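To start, the structure itself, in structure tokens.
Protein chains in written order, with the numbering used here: chain C, -18 to 576; chain G, 594 to 859.
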């Protein structure tokens, strides 16, 4: 056995796969041309990353040759094989991909100059041509792109040739500069809170983007900090893991308390914009946590989840607003919330009861329908005496919490309120997941018939998932209506359901931390259906990016950014089993126990 | 304990079972045999509530099971295993037997959220009983295995876990659908012994579908032979094995007098 595996490990992986490189070069050409025609370079040119060298518009094209060349150059090293030593051929391979990507743009430029297709393709404009040719002649522009593509492609290929450590350094630097630039609004806000405007003035250009000096500073820090900290973080982590269970539990508790305290203090150092942003993220975290119970734990694909958000929002509006057209008790928010929770729970039961008899695709379509039905009911003339139809309900008061009022004009208070409810939702999800009910949900997700045969009342259990999901969504709805102050049917489009689902999928289905990360990344950076994110300029490309991200995630990382252990197993069962077998963990029969 | 009278089921025009009479007394081990398509698994599906009979009655401990959901049947005290092993593959081995105790426990959302004493006590009890059930199969399913997903188990161990999961529902009647299918002779001999112990130590009454005639011979008190949805013979193994009708149903080969081909079915 050992002899063979030693023999095997002598085998090297085959050389550069040229066909693959050419395929990626073509993909690159298509991508750059598509991005250019989608209008990203022109639309995003206003936002600079590094002033005046690089704008977001150019970045939307420049990442293509580099990233594709890196991906095209990566090779799977099968177990028992050793990776071959990379050489100049890999640089050439990267160059090919880079040239291909640039080629797509050059071809597009030639076409734009000679034909007019502006009618179907809105972005087929001289403006695009000017931008792409750097305001020079076509020949110069084309040549520049070819050079840029070649350089970036070779650089992408070089990521496999250069030593690993250097590569990761480069990656850290590039990503930090990008992140610092993207997070501008947030960081300025935060640093202002600490009275450190000097720093932001130095780093950032007045009208957005990093100054060259600022970029260099960030790069230097990104190089230095890992050098200074080194492996210390890992060492500390290892120490914690090595601690006995009791102590580790205490350390974890302390960490939890510290981070909770930090989160509670954070809003006071943030300005309006950042608080507003985080409040929006929080609302979506609440929604995503609720959907996570339904989809992630119980495996019920609910595409009409926005219905519960809407019911929560509208019920709060009716109960608290003096302008509510039909029935206006003007209850204080906390009391209204109790009614809201109960009512949304009941709506969850009512929608759930017919729906859960179905499975799979049918269920998804029916929930989609119910989501729309609820919105159309709120919009309808028939019920406009209660919910105001298209005019909605306005003048919803804020939440009076004794020491102050939580309302939309004061995003800090909203964020704090959202934080409290997120904590509740996290606790609920966590406790339920590790309970009798949570196990029953998982069993239903695995195999509904068998779960039923093993004594799980699947009807009730699935209804429970619906109700828990509905209640969590109603929290979000209640806060939303108090925050915005007025509520309209257009806030509850089907798109909201889809975006919540994307948050759950991208973040990591069935995992609380994953869902939070998903909401931070998607809602925080890209923005929600109506809420702007950090990249406000992206708003017109938001759905494009959501879609691309979703496709990419499904192909490459279906378990999400922060995966749930169980989901990973499910999606990569073959690989998992193979690994287990290689590690000798798998059980290959039990002769030894019998003999 | 279980009386089945005039039980029939038709799928379209097909009589999967016709006027079946069947009885199990407490503490018996009864084997149901018959060629492929004889209706054995349909018979199990009907007892466990997954298929509704078109006519007839199933009475368990004096009460009819007709119209009950599978989960309610399980609650009454009938548990089953599946012919093609159907574990909750991505749940751990312990979780598989924990979730099977669902109908014997009753902590709900409130207990889980507020971590009441009752909740904690119940969780402990579920865990303990789960480990107890698993340790019935020796060291194979316990220890480090408890927290491994069921999908890493070997075939034979998956079969064992299926039985353990059925045991965890605290049944009085256990329906085993081909428990030794696909096992090697040594494993099936061992499992035969365990089936005997399931009765003597755990007090289960057992009805089992099996193709391996040596297992049927060794463990069952009584054998019921089904063919085309009808009972063609009933009685002790030696008597059934020599019944001309049974021999005919099995293509004229004497069953059990030597190792037959039936065991080598795919």
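No residue lacks a Cβ here, since even glycine has one placed at the ideal position from N, Cα and C.
Being a predicted model, the structure only gives us computed values, none of them experimental.
| field | Reduced DSSP secondary structure (H/G/I, E/B, other) of residue 604(G) | value | Here residue 604(G) refers to the residue found at position 11 of the second chain. Residue state, collapsed to three classes: strand.
| field | Paired residues, beta bridge with residue 0(C) - DSSP | value | As a position in the first chain, residue 0(C) is number 19, starting the count at 1. DSSP lists no partner for residue 0(C).
| field | Own chain residues within Cβ distance below 8 Å of residue 669(G), not counting five before or after | value | Position 76 of the second chain holds residue 669(G). Excluding residues within five positions, the ones whose Cβ falls inside 8 Å are 653, 654, 656, 658 and 661.
| request: Spell out whether any CB of chain G is found under 7 Å from the CB atom of residue 328(C). | output: Residue mapping note: residue 328(C) aligns to position 347 of the first chain, counting from 1. Nearest CB-CB separation between residue 328(C) and chain G: not below the 7 Å threshold.
| message | Considering only their Cβ atoms, is the gap separating residue 758(G) from residue 689(G) smaller than 7 Å? | response | As a first step, residue 689(G) is located in the second chain; it is residue number 96 there, counting from the start. As a first step, residue 758(G) is located in the second chain; it is residue number 165 there, counting from the start. In contact: residue 689(G) and residue 758(G) (Cβ atoms closer than 7 Å).
| For the stretch 84 to 92 of chain C against the stretch 57 to 65 of chain C, are there 3 or more C-beta pairs whose distance is under 8 Å? | By the Cβ test, the stretch 84 to 92 of chain C is not in contact with the stretch 57 to 65 of chain C, since fewer than three Cβ pairs between them sit closer than 8 Å.
| request: Report the partner residues of residue 756(G) according to the DSSP bridge assignment. | output: Your numbering for residue 756(G) matches position 163 in the second chain. Bridge pairing for residue 756(G): absent [DSSP].
| field | Beta carbon proximity, residue 428(C) to chain G, threshold 7 Å | value | The residue you call residue 428(C) lines up with position 447 of the first chain. Yes, because at least one Cβ of chain G sits closer than 7 Å to the Cβ of residue 428(C).
| query | What's the gap between the Cα of residue 816(G) and the Cα of residue 720(G)? | reply | By 1-based counting over the second chain, the position of residue 816(G) is 223. By 1-based counting over the second chain, the position of residue 720(G) is 127. Cα to Cα, the separation comes out at about 36 Å.
| Cα separation between residue 580(G) and residue 445(C)? | Residue 580(G) cannot be examined here, being either before or after the span of chain G that is shown, 594 to 859.
| request: Let me know if residue 540(C) comes out buried or exposed under the rule of 16 or more other beta-carbons within 10 Å of its beta-carbon. | output: Locating residue 540(C) in the first chain gives position 559, where the first residue counts as 1. Residue 540(C) should be labelled buried.
| Should the stretch 303 to 312 of chain C be regarded as contacting the stretch 367 to 377 of chain C, the criterion being three or more beta carbon pairs within less than 8 Å? | Under the three-pair Cβ rule at 8 Å, the stretch 303 to 312 of chain C counts as touching the stretch 367 to 377 of chain C.
| query | Buried or exposed: which applies to residue 394(C), given that a residue is buried once 16 or more other Cβ atoms fall within 10 Å of its Cβ? | reply | On the first chain, position 413 is the one that residue 394(C) refers to. Looking at its Cβ environment, which holds 16 or more other Cβ atoms inside 10 Å, residue 394(C) is buried.
| query | Is the Cβ of residue 437(C) closer than 7 Å to any Cβ of chain G? | reply | Within the first chain, numbered from 1, the residue matching residue 437(C) stands at position 456. With 7 Å as the cut-off, residue 437(C) counts as an interface residue toward chain G.
| message | Does residue 839(G) pass the burial test, meaning 16 or more other C-beta atoms within 10 Å, or should it be called exposed? | response | Sequence index remark: in the second chain, residue 839(G) carries index 246 (1-based). Under this definition residue 839(G) is a buried residue.
| query | Do you know how far the Cα of residue 613(G) is from the Cα of residue 597(G)? | reply | Locating residue 597(G) in the second chain gives position 4, counting from the first residue. Locating residue 613(G) in the second chain gives position 20, counting from the first residue. It is roughly 7 Å from the alpha-carbon of residue 597(G) to the alpha-carbon of residue 613(G).
| residue 15(C) and residue 137(C) look like a contact to me (Cβ under 8 Å); what is the Cβ gap, rounded to whole Å? | Here residue 15(C) corresponds to residue number 34 of the first chain, with the count starting at 1. Here residue 137(C) corresponds to residue number 156 of the first chain, with the count starting at 1. Your pair residue 15(C) and residue 137(C) does not check out as a contact, with CB atoms roughly 19 Å apart and the cut at 8 Å.
| message | When you compare the CB of residue 724(G) with every CB in chain C, is at least one pair closer than 7 Å? | response | Along the second chain, read from residue 1 onward, the residue named residue 724(G) stands at position 131. Interface annotation, residue 724(G): not in contact with chain C, CB-CB separation never under 7 Å.
| request: Would you identify the three-state DSSP class for residue 657(G), choosing helix, strand or coil? | output: Counted from its first residue, the second chain places residue 657(G) at position 64. Residue 657(G) falls in the strand class under three-state DSSP.
| field | Coarse secondary structure for residue 827(G), derived from DSSP in three states | value | Position 234 of the second chain holds residue 827(G). Assigned with DSSP and collapsed to three states, residue 827(G) falls in strand.
| residue 74(C) beta carbon less than 7 Å from that of residue 142(C) | Mapped onto the first chain, residue 142(C) falls at position 161. Mapped onto the first chain, residue 74(C) falls at position 93. The answer is no: Cβ separation not under 7 Å.
| message | Distance check for residue 329(C) and residue 110(C), CA to CA, integer angstroms please. | response | By one-based count along the first chain, residue 110(C) stands at place 129. By one-based count along the first chain, residue 329(C) stands at place 348. Near 54 Å, if we compare the C-alpha coordinates of residue 329(C) and residue 110(C).
| field | CB of residue 162(C) within 7 Å of CB of residue 191(C), strictly | value | By one-based count along the first chain, residue 162(C) stands at place 181. By one-based count along the first chain, residue 191(C) stands at place 210. Yes, these two residues count as a Cβ contact at 7 Å.
| field | Three-state secondary structure (DSSP) of residue 673(G) | value | Residue numbering aside, residue 673(G) sits at position 80 when the second chain is read from its first letter. In this structure, residue 673(G) counts as strand in the three-state DSSP scheme.
| query | Taking just the CA atoms, how far does residue 331(C) sit from residue 99(C)? | reply | Here residue 99(C) is taken as the residue at index 118 of the first chain, counted from 1. Here residue 331(C) is taken as the residue at index 350 of the first chain, counted from 1. Roughly 51 Å separates the two Cα atoms.
| said: Could you check whether the Cβ of residue 641(G) sits closer than 7 Å to any Cβ belonging to chain C? | reply: In the second chain, the residue the question calls residue 641(G) occupies position 48. Interface with chain C (7 Å Cβ-Cβ cutoff): residue 641(G) is included.
| query | Is residue 543(C) close to chain G, meaning its C-beta is less than 7 Å from at least one C-beta of that chain? | reply | Position 562 of the first chain, counted from the start, is the residue given in the question as residue 543(C). No, its Cβ sits nowhere closer than 7 Å to a Cβ of chain G.
| request: Please go through the stretch 418 to 485 of chain C and give each complete alpha helix (DSSP H) segment of 4 or more residues, from N-terminal end onward. | output: Here the runs fully enclosed are 429 to 434 and 439 to 465.
| message | I need the boundaries of the beta strand (DSSP E) containing residue 405(C), first residue and last residue. | response | Along the first chain, read from residue 1 onward, the residue named residue 405(C) stands at position 424. Under the DSSP assignment, residue 405(C) falls outside any beta strand (DSSP E), being part of the alpha helix (DSSP H) whose first and last residues are 392 to 414.
| field | Contacting residues, own chain, Cβ-Cβ under 7 Å from residue 120(C) (five flanking each side not counted) | value | As a first step, residue 120(C) is located in the first chain; it is residue number 139 there, counting from the start. Apart from the 5 residues on each side of it in sequence, residue 120(C) has no Cβ closer than 7 Å to any other Cβ in its chain.
| query | With a cut-off of 8 Å, do at least 3 Cβ pairs link the stretch 465 to 474 of chain C to the stretch 256 to 276 of chain C? | reply | Touching, no.
| request: Could you say if the stretch 671 to 678 of chain G and the stretch 719 to 736 of chain G meet the contact criterion of at least three C-beta pairs nearer than 8 Å? | output: Segments in contact, no.
| Beta carbon of residue 578(C), beta carbon of residue 290(C): below 7 Å? | Residue 578(C) falls outside the range modelled here, since chain C spans only -18 to 576, and no answer is possible.
| field | Alpha-carbon to alpha-carbon, residue 651(G) and residue 737(G) | value | On the second chain, position 144 is the one that residue 737(G) refers to. On the second chain, position 58 is the one that residue 651(G) refers to. Going by C-alpha positions, residue 737(G) is about 42 Å away from residue 651(G).
| task | Give the single residue among 455(C), 1(C), -6(C) and 521(C) whose Cα lies nearest to the Cα of residue 21(C). | result | Along the first chain, read from residue 1 onward, the residue named residue 21(C) stands at position 40. The shortest C-alpha to C-alpha distance from residue 21(C) to any of 455(C), 1(C), -6(C) and 521(C) is the one to 521(C).
| task | Pull out every residue of the stretch 753 to 779 of chain G whose Cβ sits closer than 7 Å to any Cβ of chain C, in chain order. | result | Correct list: 758, 762 and 779.
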